[in-house]
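As they're listed, the protein sequences go chains A and B. Just so you know, we're using this note's numbering here: the first sequence kicks off at 62 and counts up by one. Just so you know, we're using this note's numbering here: the second sequence kicks off at 62 and counts up by one. Here a beta-carbon is modelled for each residue, glycine too, at the ideal position from N, C-alpha and C. Quick caveat, the model's predicted, so the values are computed rather than measured. This report concerns only the one structure given below.
Protein chains: 2
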Amino acid sequence: MSITQTLAEFIFTPSEQLAAPDLRTRATRYIVDTMAVTLAGAAEPALQTLGQAIHPSNDAHCVTVPWSAQRYREEDACLLLGMAAHILDYDDVSMLAVCHPSAPVLAALLALAPNTPTTGADFIDAYIIGTEVMIRCGQAMGFRHYDLGFHATATLGSLGASAACARLLKLSHTQTCHALSIAASSSSGVRKNFGSMVKSLHAGQAASSGLRSARLAQAGIQGASEALEDGGWLKAFSGGITDYWPASLALGQPFAISDPGFEQKRYPCCYLMHKIIQATLVLQRQHGLSLEGFERAQIDMCKGGSIALIHPQPRNGLNAKFSAPYAVVGALADGRVDLASFQDDAVLRPAIQSAMGGVCVIEDDVAPDHGSDLGSAAVTVNLFYRDARSYAHTITASPGSPADPLTSTDLQNKWRDCLARGLPSLPTDITDTLFNTGLQLDTLPNTSTWLAEFHDGN
Amino acid sequence: MSITQTLAEFIFTPSEQLAAPDLRTRATRYIVDTMAVTLAGAAEPALQTLGQAIHPSNDAHCVTVPWSAQRYREEDACLLLGMAAHILDYDDVSMLAVCHPSAPVLAALLALAPNTPTTGADFIDAYIIGTEVMIRCGQAMGFRHYDLGFHATATLGSLGASAACARLLKLSHTQTCHALSIAASSSSGVRKNFGSMVKSLHAGQAASSGLRSARLAQAGIQGASEALEDGGWLKAFSGGITDYWPASLALGQPFAISDPGFEQKRYPCCYLMHKIIQATLVLQRQHGLSLEGFERAQIDMCKGGSIALIHPQPRNGLNAKFSAPYAVVGALADGRVDLASFQDDAVLRPAIQSAMGGVCVIEDDVAPDHGSDLGSAAVTVNLFYRDARSYAHTITASPGSPADPLTSTDLQNKWRDCLARGLPSLPTDITDTLFNTGLQLDTLPNTSTWLAEFHDGN
């Protein structure tokens, strides 16, 4: 049986086999988390720019997105939802395939849901399946894929979104094979576009092409029977290193969502800043520290640990998302790091700007073997005050990773922070109701009930 | 200057520099040829299937395609036009980059033209620029790209269509750079989908993503400043073999459209059948041959010359497009090979079916160095009749290639044949008028004049 057919069978795994409590509970939390960052992302100016390129439509088959009364075609809604989910770089990560799994898959499902009445449980099932297909396809190719310059969130996202949509649309086995073949011919996205609006657009494009592949297959468009292996997608997108599905790589045994789980971001900035922030906040809370009397700081990291932290003296919020000094100084000044920390005016405070010059990064000589090893390398923050006090703390587990997961309180605080950004007119009690309804998604008779509440409340 | 910027400058090459008579004459003929095969392709059942997946719309910004009164969004029109252009495998080829250059570029321009009033001359300019960008980007990556399993028509088509649309939309230099960066992150399509509907869908997807990249850049979406080189698109899609634009590779000096020119198909089937058909028709005409008295045939080819000719005993028209025996027997029976030759009933004629068993292919031991060398390898057809007569003829230049180009009569006959298929209710005199108007495209004050005539006449 070809891997395309194996994937198609897997996509229709009976719901009973997806009923392990931990699996569904985690999926629900990831969906709620991604919905939060999507709503926060929707407030970014780039989303308005994208909206200007996309024509709303009043055709019957069009759908709304949770932050707007405008109606869009499903594929266009995917673009908006996917870009919004990823633009703050605040959405979850799976280092198994160096990708953001939830953004493209959830965007496609949210675009499809209004036209595809579905229970919350079915919606969660489709999300679990889509993210699993995405991550395992990435593992099948290996790190060479990312290393060549492909943005795995974009390329794998097309297949993951396709799988999720095929399940939600209840396609036949044959149609599902064709959807995957079309999706394999819709993979795109290069990492060279990192640092531009196109990085987050990738998540939208992946959602859009994945949904389109399912809709085309549903209408009768037929692809090759084995588009992935034997000279197909795996070979092309691994630069010829891989051509077959590794026998050791199983689908759903266990699900990546459950073991090891995804890494959810506690802070809305580059993941390489997270341990610095966490260590600083631990010291700040333990010792009641602030910027008062602060002299300097030293951050000890593994070789390459600061590779993306390219702004020693950030001049705006976007710079600050890639700044080691701001990670220390912002956390010390405010005792928290959230969306407000990355507003331009927060970054430009004179006390912040002057203190950042005193922060240096020291990388040791030991380079990690893989990019993913950065996730397990220790980071130490050393703080020095003018009265000769000094403090040091080391963080090994990435904040938000399975070793240090977001607590329910963390998740709710992130939700409130994100919704206050994306839907500022929403009263707090409705924000909390939406959060609680989201966590009950598994029991909702219709997903649209939850989605409609964003509009009703707004 | 980065190659993205170099390409953006090239895209706005002054029209005077595109005024060499041969360049514009050839471009016009390629446009007319591609319009013909697009209209013939539109009659294929797969196009109706695609149409069922796409919702027509009556919004003001929607456009028609030449064979239908329905209105579609520009991106959807691209899908329909691109798939129609490529589905018969009757559209032109450039072996410089092993791609079909006209299908994705023209599809994008045809979708854009109704909303972008433009002279015929400007339309031709955009087509020349788009195909040049497409082919040179493919050359920059080298054959490794195709060899890895990418369908170059799809992947390069996204960039070519983006370039053509950027010019037609008169984007700024900066917007054009962003359009190319977005297009570089929209490249997709694997060869494993050859032999399925997805092969031709690739041309539509490339047109659609190229047009979208230009529209998004126009609205203000910004990509990276150097998406192609230095760890970008060239590296990813060449499997790491290439990372920089070769210094020897110039844009438009000369234009590929002019030197060596494109290869236009004389017969609506696999290009590897063309020399077989040509040799058989030469013998048929020279000696007044038919199937009467025919005993057997032997076809001598280079090693690999029949690699795609996988149907020794075709049972329908699609099979017959990849059949060496049908190339000989069909040509002998009818004295011509055209669209009617690949109708199922033509293939299933008892005399044809029984004669095909007597045709064998002999490949010699000399393998060509590159896939493109198949284009220059000789093919000999040997015919043996029951009365001991025998005939042999060798063809070296591919029919329709620059060494044996389509004559004006060939082109007009192909046009008539294609339009009779795609627009069967069109009177012959209007068919001929449309042909002549197409050849005068360079002088038309508005491209839409020509495009509207298809509707008026139909």
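Cβ-Cβ separation, residue j to residue i (assumed contact under 8 Å), whole Å
| i | j | result |
| --- | --- | --- |
| B:Val-93 | B:Asp-152 | Not really, about 12 Å apart at Cβ, beyond 8 Å. |
| B:Asp-478 | B:Leu-400 | 5 Å |
| B:Asp-114 | A:Ile-282 | According to the sequence displayed, residue 114 of chain B carries Ala and not Asp. Confirmed, Cβ separation roughly 7 Å. |
| A:Leu-333 | A:Ala-369 | 5 Å |
| A:Val-420 | A:Pro-386 | 4 Å |
| B:Leu-149 | B:Leu-111 | Wrong, their Cβ atoms sit about 15 Å apart, outside the cutoff. |
| B:Leu-505 | B:Gly-181 | 4 Å |
Check whether residue i and residue j have beta carbons under 8 Å apart
| i | j | result |
| --- | --- | --- |
| B:Ser-163 | B:Thr-95 | yes |
| B:Leu-220 | B:Val-194 | yes |
| B:Ala-275 | B:Leu-217 | no |
| A:Ala-297 | A:Ile-337 | no |
| A:Ala-169 | A:Cys-226 | yes |
| B:Leu-472 | B:Ile-318 | no |
| A:Gly-271 | A:Pro-373 | no |
| A:Thr-508 | A:Thr-192 | no |
| B:Ala-215 | A:Ser-246 | yes |
Residue i, enclosing beta strand (DSSP E) - first and last residue
| i | result |
| --- | --- |
| B:Cys-421 | 420-424 |
| B:His-454 | 451-456 |
| A:Met-520 | Because chain A is modelled from 62 through 519, residue 520 of chain A falls outside the range shown and cannot be assessed. |
| A:Arg-357 | 355-362 |
| B:Asn-507 | B:Asn-507 -> no beta strand (DSSP E), and no H or E assigned at all. |
| A:Leu-241 | Taken as a continuous stretch (DSSP letters only), A:Leu-241 belongs to no beta strand (DSSP E), being part of the alpha helix (DSSP H) at 234-245. |
| A:Phe-445 | 440-446 |
Cutoff 8 Å: residue i Cβ touching any chain A Cβ
| i | result |
| --- | --- |
| B:Trp-294 | yes |
| B:Val-259 | yes |
| B:Ala-158 | no |
| B:Lys-253 | yes |
| B:Phe-515 | no |
| B:Gly-391 | no |
| B:Phe-383 | no |
| B:Thr-179 | no |
| B:Asp-183 | no |
| B:Leu-229 | no |
| B:Leu-262 | yes |
| B:Leu-122 | Note on identity: in this sequence residue 122 of chain B is His, with Leu being the wrong assignment. Interface residue, yes. |
| B:Ala-114 | yes |
| B:Thr-110 | yes |
| B:Gln-359 | no |
| B:Ile-243 | yes |
| B:Gln-345 | no |
| B:Gln-266 | yes |
Continuous alpha helix (DSSP H) stretch holding residue i: start and end
| i | result |
| --- | --- |
| B:Ile-338 | 335-348 |
| A:Leu-217 | 213-229 |
| A:Ile-470 | Before going further, note that residue 470 of chain A is Thr rather than Ile in the sequence given. Looking at the DSSP string, the run of the alpha helix (DSSP H) that includes A:Thr-470 is 469-483. |
| A:Val-166 | 163-173 |
| B:Phe-298 | 294-298 |
| B:Thr-489 | 489-500 |
| B:Ala-385 | 385-395 |
| A:Asp-405 | 405-408 |
| A:Phe-323 | Counting along the chain, A:Phe-323 falls outside any alpha helix (DSSP H), and DSSP gives it neither H nor E. |
| B:Ala-145 | 135-147 |
| A:Gly-271 | 258-280 |
8 Å Cβ cutoff, residue i in contact with chain B
| i | result |
| --- | --- |
| A:Arg-276 | yes |
| A:Leu-209 | yes |
| A:Glu-287 | yes |
| A:Gln-131 | no |
| A:Ala-311 | no |
| A:Gly-300 | yes |
| A:Gly-256 | yes |
Residue i at chain C interface by Cβ criterion, 8 Å
| i | result |
| --- | --- |
| B:Gln-283 | You won't find chain C in this structure, because its protein chains are A and B. |
Please determine if the segment 67-78 of chain B and the segment 110-123 of chain A are in contact, where contact requires at least 3 C-beta pairs separated by less than 8 Å.
-> Because the criterion of three Cβ pairs below 8 Å is not met, the segment 67-78 of chain B and the segment 110-123 of chain A do not touch.
Could you tell me whether the segment 286-301 of chain A touches the segment 263-282 of chain B, using the rule of 3 or more Cβ pairs below 8 Å?
-> no
Contact between the segment 82-91 of chain B and the segment 499-512 of chain B (3+ Cβ pairs under 8 Å) | Contact holds: three or more Cβ-Cβ distances are below 8 Å.
Is there contact here, the segment 447-460 of chain B with the segment 339-358 of chain B, by at least three beta-carbon pairs under 8 Å?
-> yes
Could you tell me whether the segment 434-442 of chain B touches the segment 356-369 of chain B, where touching means 3 or more Cβ pairs closer than 8 Å?
-> Judged by Cβ distances under 8 Å, the segment 434-442 of chain B makes contact with the segment 356-369 of chain B, as three or more pairs qualify.
Cβ pair count under 8 Å reaching 3, the segment 130-145 of chain A against the segment 101-115 of chain A | yes
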